[in-house]
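Asker: The structure under discussion is supplied below as structure tokens; questions concerning it will follow.
There are 2 protein chains.
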Amino acid sequence: MPSNASLIEPKAMSSVSYTLYYGTFIHTPSLGDLEICFNTLVGVTAAGDIDFIHKNYRPEEHDYQTAVQFFINNRKNRHFDYVDYSQDPTKFFMPGFIDTHIHASQFPNIGIGLDCPLLDWLNDYTFPLENKFTDSNDEKLKFAKNVYSKVIQKTLTNGTTCASYFTTIDPHTTNLFAELLLEIGQRGFVGKVCMDHNDTYHDYEESFEDCVDSMNKIIERMAQLNPAEETLVKPIITPRFAPVCSRKMLKWLGKLSVTQDLPIQTHISENKKEIELVHDMFPDCEDYATVYDKHNLLNSQTILAHAIHLTKKERKMIREKKCSISHCPTSNTFISSGEAPIKQYLYNDKINVSLGTDVSGGFDSSILGIIKHCILVSHHLAMKTGRQGDKLTIIDAIYMATQGGAKAVGMPDKLGSFELGKKFDVQLIDLDSKESNVDTFEWQLPTQHEGDHKKRTKKMEDLLGKWIFSGDDRNCVKVWCNGRLVINKMHYSRDDRWVMVEKDF
Amino acid sequence: MPSNASLIEPKAMSSVSYTLYYGTFIHTPSLGDLEICFNTLVGVTAAGDIDFIHKNYRPEEHDYQTAVQFFINNRKNRHFDYVDYSQDPTKFFMPGFIDTHIHASQFPNIGIGLDCPLLDWLNDYTFPLENKFTDSNDEKLKFAKNVYSKVIQKTLTNGTTCASYFTTIDPHTTNLFAELLLEIGQRGFVGKVCMDHNDTYHDYEESFEDCVDSMNKIIERMAQLNPAEETLVKPIITPRFAPVCSRKMLKWLGKLSVTQDLPIQTHISENKKEIELVHDMFPDCEDYATVYDKHNLLNSQTILAHAIHLTKKERKMIREKKCSISHCPTSNTFISSGEAPIKQYLYNDKINVSLGTDVSGGFDSSILGIIKHCILVSHHLAMKTGRQGDKLTIIDAIYMATQGGAKAVGMPDKLGSFELGKKFDVQLIDLDSKESNVDTFEWQLPTQHEGDHKKRTKKMEDLLGKWIFSGDDRNCVKVWCNGRLVINKMHYSRDDRWVMVEKDF
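Residue numbers (numbering that gives the first Met the number 0), protein chains in the order written: chain A, 0 to 504; chain B, 0 to 504.
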């Protein structure tokens, strides 16, 4: 271990045909804009790219034949698959979710540690667990493989097609994690945690030299692992957060980001005591954001997690530097960090905001759960401030979970919505799946033959509410990454409407 | 329709043997007190009553034989079943949940109406749906049967063994609802909604005379339906809330409660505009609670839902009258009603508080979800007030979901915990069930052979956190009501450890 790069066959690079998808496609192409596209035909190349989108395609005759005919007439492509869910009002395609803040190594601690604020929580629960990944003997690798496989499987089965992960300080298991991403079929940014200055828990830190050495190992290994033609795994520079990093390390990491053209992720302003600590440790910096800025860590490829208690000046700096925020509402409530004013960040400060599960400060590894919770947390904020305008809508939340996430991970032209040239990183939602927790009634379904388009759209919007507030992983029945089907829960379903053909016309 | 009482065989009255249960039992016998009883043997009579509890029973030899031997030696009972989950650290018995506020008729609207405050939400979404249950032609009865069956099945499969329901103003479908409770096997208090004064939505109200007539029909029918020896279904007097009730009706309902010895449920102080409305409509009453008190509606059998914005004086009155509160955190956040200071109600004001899903103001029909959300909402309250003491613990939440609920529905000696003479209304939780959303790792399990009892208990407490924050209906694998197994999801599970014997020694 780690295994030979040549032995790994990325699941999201497997051989597939050109595929036509026909059905309801829902996405948020821009902030505040929800688009529900019924009867839409989407062509996806064998490389996983969206080739064409034909909205509101309503053949008079049998769907399959005419959709195929459309394709043949227009493209002359003779070999393809065809996938049709257009007849089923409870099924729709959504862009895969993008989780921009998740600690893979903390997955076993989900639900534990409710009673602690951030700094105690780190020492009592988090550092001891992360430390178990260090020392790469066989047993530790087995331990890491067990935890890491589970977290990738879990998030992927919840529709997360891309995530930006924190692992631990250990380089060997971090490389193992990247291999597992490829094997299981999720796009991922892999952040070896960098921290050379852990005053409160000395057992879990590295020297500056070890950090440099580890980062080089990871960058080298991931260059071998990632397929030349596609971004599936990529290192992300990850100073844990200012209090556990020396200035020397911060400076080196800032430089590394430039020389290697690598993205950056870290934490900022999660907890008031943490902010005080940063002020004490960096008295020459006016605020928390300045600490990172001084070390060249703020740029358009930077993800700042939490960002709850920002000053006006910090917000301005974050917008000017084009950084993205990762909002982690479950975590912020669980360990009582605060309620971030996300609506203001989005609409007043014009900052890009995405969503993070923040496992295991956050207890929910599903971005669908985070969509729900970010709305609820915004209601609490609005009740506190008295400003109705602080409330996030369903549309805001879906945007942050998809297109906002795509911007945050630096792939706004490749992920996050249905557009020509974007990757087909997609989930199929089925509100009527086996043992679904969503209950729909016949009169609530937006049927094919509903004459009134407005009425059909309103019904679909209500179903989105049902999905967000009562749905879960059981409703995410298929997941594609890079155009490849990486999750399929419909194998044994009686009402499986999957149609696959490969014909030579 | 309604069907003949003699044709209904209540599922929770079916014939069963005396049964011994052996395993981990977890409950909150009193406020603030969590008891984790490993290796506990519980005997349950054929009438569904807990006959004996033998805690920490650790036979030297094979569990089954010695447990059986214990029973034979001590009881001389020769026919019995034996159920043993003692070897499995991921399984434990909990008292069934008690949902003290749920609108059965609103079940289809779950997840819809996020954008509205209470009074608009009622007019736009709730009244039109409830009105669909009126006029008992065949189609309406079919509609009602579909919705009502689903809500009972859904709550029961989530471990709710008893609930206090609002139906609609319609008596026929309300009686149908009671029949369905018996058929499906859930204990229920059935509240025909009383409202003769709906100023904002005249289509949905009844006359005072109709209300009297309907209530008499329901009381009569439920007396026929409920088995003589057991409280399975019972009418509960339900003035919807003061703004839609005439003084004449309120007075009559208060009197009816006394003459028929029936419990009462209603709403109070959910929303600030609602409180203003009540002040305007009842200028002679100092506050909202006084409106109900003046009409003899506050007593030890009264459940007051929401109770968010109570004055000190109202709290005092509620305590003195020994009413219970039903706290509905998901609803209060969803439609932005407020954050009720529950910790203060419980510990300072000494008011009994229980939990309610408040479907469909609340989006979660599972009391497990309400346990999670009441903790989270209390964190938001604590962040608002700056008082750490406003935070609810896991123990508080479980207490409200079980024993607090038992007190609220007037059955503190029969439900809510494991005690001699109480009914065996119980759920079996399995954290490792098929497709469980809870992830446990081997080192986290409190094993049988763990020498250190404190360590084993701490591990179990952490597992409770995992269950509450990542569990769902999939973890509730069996449910008993009145000692009868009414839900069983383990039929086809490979790791089904259910052992059932009936032997003649």
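Where is the CB? At the ideal position from N, CA and C, for every residue including glycine.
#1: Name the one or two DSSP bridge partners that B:S29 has.
#2: Can you check whether the C-beta of A:W466 is within less than 9 Å of a C-beta belonging to chain B?
#3: Just to confirm before moving on: does the CB-CB distance between B:T509 and B:A162 stay below 9 Å?
#4: Can you check the segment 325-407 of chain A for any alpha helix (DSSP H) of at least 4 residues that lies completely inside it and give the ranges in chain order?
#5: Are any of the Cβ atoms in chain A nearer than 9 Å to that of B:Q443?
#6: Quick one: what does DSSP say B:M0 is sitting in, helix, strand or coil?
#7: Taking B:S435 as the reference, which of A:T401, A:G403, A:D471 has the closest Cα?
#8: Once DSSP output is grouped into helix, strand and coil, what is the label at A:K315?
#9: Name the DSSP bridge partner or partners of B:L303?
#10: If you measure between the beta carbons of A:I263 and A:L252, is that distance less than 9 Å?
#11: Considering just the uninterrupted stretch of the alpha helix (DSSP H) at B:K254, what are its terminal residues?
#12: Tell me B:G190's beta-bridge partners as DSSP assigns them.
#13: Between A:T237 and A:K293, which are expected to be in contact by the criterion C-beta below 8 Å, what is the C-beta distance as a whole number of angstroms?
#14: At a Cβ cut of 9 Å, what residues of the segment 408-437 of chain B count as close to chain A, listed as they run along the chain?
#15: Can you list, in chain order, the residues of the segment 375-390 of chain A whose Cβ is nearer than 8 Å to any Cβ on chain B?
#16: Would you kindly report the start and end of the unbroken alpha helix (DSSP H) that includes A:K141?
#17: Which residues in the same chain have their Cβ closer than 6 Å to the Cβ of A:T329, if we skip the five residues on either side of it in sequence?
#18: According to DSSP, is A:L309 helix, strand or coil?
#19: Relative to the C-alpha of B:M93, which candidate in B:V376, B:G22, B:F188, B:Q152 has its C-alpha closest?
#20: Would A:F473 count as contacting chain B if we go by Cβ distances under 9 Å?
#21: Between which residues of its own chain and A:I7 is the CB-CB distance below 8 Å, once the five residues before and five after are set aside?
#22: Please report the distance separating the alpha-carbon of A:L40 from that of A:Q86.
#23: Mind listing the chain B neighbours of A:I109? Cutoff is C-beta to C-beta under 8 Å, in chain order.
#24: Using only the alpha-carbon positions, how far apart do B:D48 and B:T27 sit?
#25: Which residues, in order along the segment 131-156 of chain A, keep a beta-carbon less than 8 Å from a beta-carbon of chain B?
#26: Assess, as a yes-or-no matter, whether the segment 193-210 of chain B is touched by the segment 238-250 of chain B under the definition of 3 or more beta carbon pairs within less than 8 Å.
#27: From the DSSP output, which residues share a beta bridge with B:K433?
#28: Does A:L419 pass the burial test, meaning 16 or more other C-beta atoms within 10 Å, or should it be called exposed?
#29: Can you pull the DSSP bridge partners for B:L427?
#30: Where A:K454 and B:E129 are concerned, what is the direct C-alpha to C-alpha distance, given to the nearest angstrom?
#31: Evaluate B:E60 with the Cβ neighbour count: other Cβ atoms within 10 Å of its Cβ, from every protein chain shown; 16 or more gives buried, anything less gives exposed.
#32: For A:F165, count neighbouring C-beta atoms within 10 Å of its own C-beta (all shown protein chains included) and say buried if the count is 16 or more, exposed if not.
#33: If you measure from the beta carbon of A:D461 to each beta carbon in chain B, is any gap under 9 Å?
#34: Leaving aside the five residues before and after B:T301 along the sequence, list all residues of the same chain whose C-beta is less than 6 Å from its C-beta, in chain order.
#35: Would you verify that the beta carbon of A:T392 is, or is not, closer than 9 Å to some beta carbon of chain B?
#36: Verify whether the separation of the beta carbon atoms of A:I540 and A:L261 is less than 9 Å.
Answerer: If we stick to the structure as given:
#1: Answer is B:D32.
#2: yes
#3: Residue 509 of chain B lies beyond the residue range present for chain B, which begins at 0 and ends at 504; the question has no answer from this structure.
#4: The qualifying runs are 328-333, 341-346, 366-384, 393-400, 402-407.
#5: yes
#6: Confidence is the limiting factor: at B:M0 the pLDDT is only 42, short of 50, which leaves the residue's position unreliable, though a coordinate-based value still follows. In the structure shown, B:M0 sits in coil (DSSP, three-state: anything other than H, G, I, E or B).
#7: A:D471
#8: Under the three-state reduction of DSSP, A:K315 is assigned to helix.
#9: B:T265, B:I324
#10: yes
#11: 246-259
#12: B:F165
#13: That belief does not hold up - the Cβ atoms of A:T237 and A:K293 are roughly 18 Å apart, past 8 Å.
#14: For the segment 408-437 of chain B, which is checked against every Cβ of chain A, the residues closer than 9 Å are E434, N436, V437.
#15: L375, V376, H378, H379, A381, M382, K383, K390
#16: 137-156
#17: G361, F362, D363, H372
#18: coil
#19: B:G22
#20: First, the residue type needs correcting, since residue 473 of chain A is Arg and not Phe in the sequence shown. Contact with chain B is found for A:R473, since one of that chain's Cβ atoms lies less than 9 Å from the residue's Cβ.
#21: E178, L181, E182, L224
#22: 13 Å
#23: D438, K465, F468, S469
#24: 19 Å
#25: Considering only beta carbons, the part of the segment 131-156 of chain A lying closer than 8 Å to chain B consists of N145, V146, K149, K153, in chain order.
#26: yes
#27: Paired residues: none, contrary to the question.
#28: Flag for A:L419 reads exposed.
#29: B:F92, B:K477
#30: 21 Å
#31: The predicted model places B:E60 with a pLDDT of 47, which falls under 50 and marks its position as unreliable, so this point remains unresolved.
#32: buried
#33: Closer than 9 Å: yes.
#34: I263, C322
#35: For A:T392, the closest Cβ of chain B is nearer than 9 Å.
#36: Since the first residue of chain A shown is 0 and the last is 504, residue 540 of chain A is not available in this structure.
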